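Numbering of the sequence shown is given in the numbering used here, commencing with residue 851 and proceeding in unit increments.
The C-beta atom is built at its ideal place from N, Cα and C for all residues, glycine as well.
Keep in mind that this is a model prediction, so the values were computed, not measured.
Each remark here refers to the structure printed beneath this line.
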Amino acid sequence: MADVRIFLGRWSALLQAAASLALVAGCASHEESQESQESGEPEATTPSALAGSTLDVTLPTGVVRVFRPATAPASCEAVLFGVGTGLTTSSYQSLGSAINGYGYVFVVMDHAPGNAFGKADAARYAALAADVKANLLGWLGASSPCAGVAHWIVGGHSASGQAAHAAAIANPQIAHAIFSADPYDVSGLGSVTLPGLYWGFSSTTCFVGVNKAAKAAYARTPNPGRAMHKTNTTMTWALCGYVPKYHHQSFIDYGLNLGTLGCSNCIQTPTSFYADVANSLNKFVVARFYGSWSKANLQVSNRSTPATLYVDGDQP
851 MADVRIFLGR WSALLQAAAS LALVAGCASH EESQESQESG EPEATTPSAL AGSTLDVTLP
911 TGVVRVFRPA TAPASCEAVL FGVGTGLTTS SYQSLGSAIN GYGYVFVVMD HAPGNAFGKA
971 DAARYAALAA DVKANLLGWL GASSPCAGVA HWIVGGHSAS GQAAHAAAIA NPQIAHAIFS
1031 ADPYDVSGLG SVTLPGLYWG FSSTTCFVGV NKAAKAAYAR TPNPGRAMHK TNTTMTWALC
1091 GYVPKYHHQS FIDYGLNLGT LGCSNCIQTP TSFYADVANS LNKFVVARFY GSWSKANLQV
1151 SNRSTPATLY VDGDQP
């Protein structure tokens, strides 16, 4: 038994080292990386065909990674998404690419770079969001298909989701809507006046209380105009033991998931999870701003993630 513990301890150390290398490799500033693009016309069933390139920018108020779409309406949607505790702008490549694939500009923001526990600062979040809004079209460039922003959407993962919620209370004009992933901790905050989409979980993971995160944000969002996807954590066996297949860190990339402040399930997030989250955001935007708001129009067709949708008067 002692040999088993030694083996697992050494294996865990190797995983942590690999995760650290992934963090270092992803943090280069102001570099452009061209994403691979599929040939031919983009298809509605393969939104990744619309994905473009990324741009890293350092500002006095923080750092950002901009996912620039290759194809988008002249007036496009811009999502400003804050990073979670202990994470960086390079932590969300899979999620960013999936959302970018719908022709959205997806901006990953770190308003407290180098400060693992400073992501809940609403004032710093708002300051960086203001800088992004002032500079985004210039970053996209004259050749970008997106010449203007139709709707600004703010939000974030974990503590940045909390910061975005507080910033929207302080200044409702910060955006047109909110999109947050398991925001922590919203239970002590007031209500926002903006419509909102949230992703959460059926149980507490990574010390993020199930009643303090997405569920609390949903309760503090106007009805009508709110939606929440509650993911079933689905317990399974993995290297880390008996763990939830989906949990608080499922929104980030796998290598980072392995070594993020001791919160990991040692399971690679299914690609379908990122696709389902991106699809849900697109459904939300279309229903809220361009179509008819209804639960039916917010349903994610062919969803692989075990999740339940709650809308308006539904109680999660």
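Here Asn1115 is buried, its C-beta having at least 16 other C-beta atoms within 10 Å. Within the same chain, and ignoring the five residues on either side of Asn1129 in sequence, the residues whose Cβ sits closer than 6 Å to its Cβ are Val1150.
Check the Cα spacing between Trp1087 and each of Ala1000, Thr1081, Gln1118: the tightest is with Gln1118. Leaving aside the five residues that flank Val999 on each side, the residues in its chain whose CB is nearer than 6 Å to its CB run, in chain order, Ala928.
By the C-beta criterion, the stretch 940 to 952 is judged not to be in contact with the stretch 969 to 984, since fewer than 3 inter-stretch pairs fall below 8 Å.
Judged by beta-carbon spacing, Ala1027 lies within the 9 Å limit of Leu1044, meaning their Cβ atoms are closer than that value. Selection Leu990, Met959, Leu937, Thr938 evaluated against Ser925 yields Leu990 as nearest (Cα-Cα). Looking at the backbone, the Cα of Tyr1140 and that of Tyr1068 are separated by about 22 Å. Of the candidates Lys1095, Gly964, Asp960, the residue whose Cα lies closest to the Cα of Ala1157 is Lys1095. DSSP places Lys1145 in the helix class (H, G or I) of the three-state scheme. The shortest CA-to-CA distance from Asn1132 to any of Ala1077, Thr1081, Tyr1092, His961 is the one to Ala1077.
Taken in chain order, the complete alpha helix (DSSP H) segments of 4 or more residues contained in the stretch 1024 to 1098 are 1064 to 1069. 9 Å or more divides the Cβ of Thr1055 from the Cβ of Ser1008.
By DSSP's assignment, Phe931 forms a beta bridge with Val958, Gly1005. Taking the C-beta atoms as reference points, Val982 is found nearer than 9 Å to Val914. Assignment of Asp981 by DSSP, reduced to helix, strand and coil, places it in the helix class. When only Cα atoms are considered, Ala1031 and Ser993 end up about 32 Å apart.
Gln1099 and Trp1049 have their alpha carbons spaced roughly 12 Å apart.
In the assembly as shown, Gln1165 is an exposed residue. Its beta-carbon has fewer than 16 other beta-carbons within 10 Å.
Sequence-distant partners of Pro919 (beyond 5 residues in either direction) whose C-beta falls short of 6 Å from its own C-beta, in its chain, are Leu900, Gly902, Asn950, Gly953. Judged by their CB atoms, Ala1014 and Ala972 are nearer to each other than the 9 Å cut-off.
Considering only Pro910, Phe931, Val958, the residue with the shortest C-alpha distance to Thr904 is Val958. Only residues of its own chain outside the window of five on either side were considered, and among them Gly912, Arg974, Tyr975, Leu978 have a CB closer than 6 Å to the CB of His961, listed in chain order. Taking the C-beta atoms as reference points, Gly1005 is found nearer than 9 Å to Pro1033. Burial is judged here by how many other beta carbons sit within 10 angstroms of a residue's own beta carbon; Gly964 has fewer than 16 and is exposed.
Here DSSP, grouped into helix, strand and coil, assigns Ala1000 to strand.
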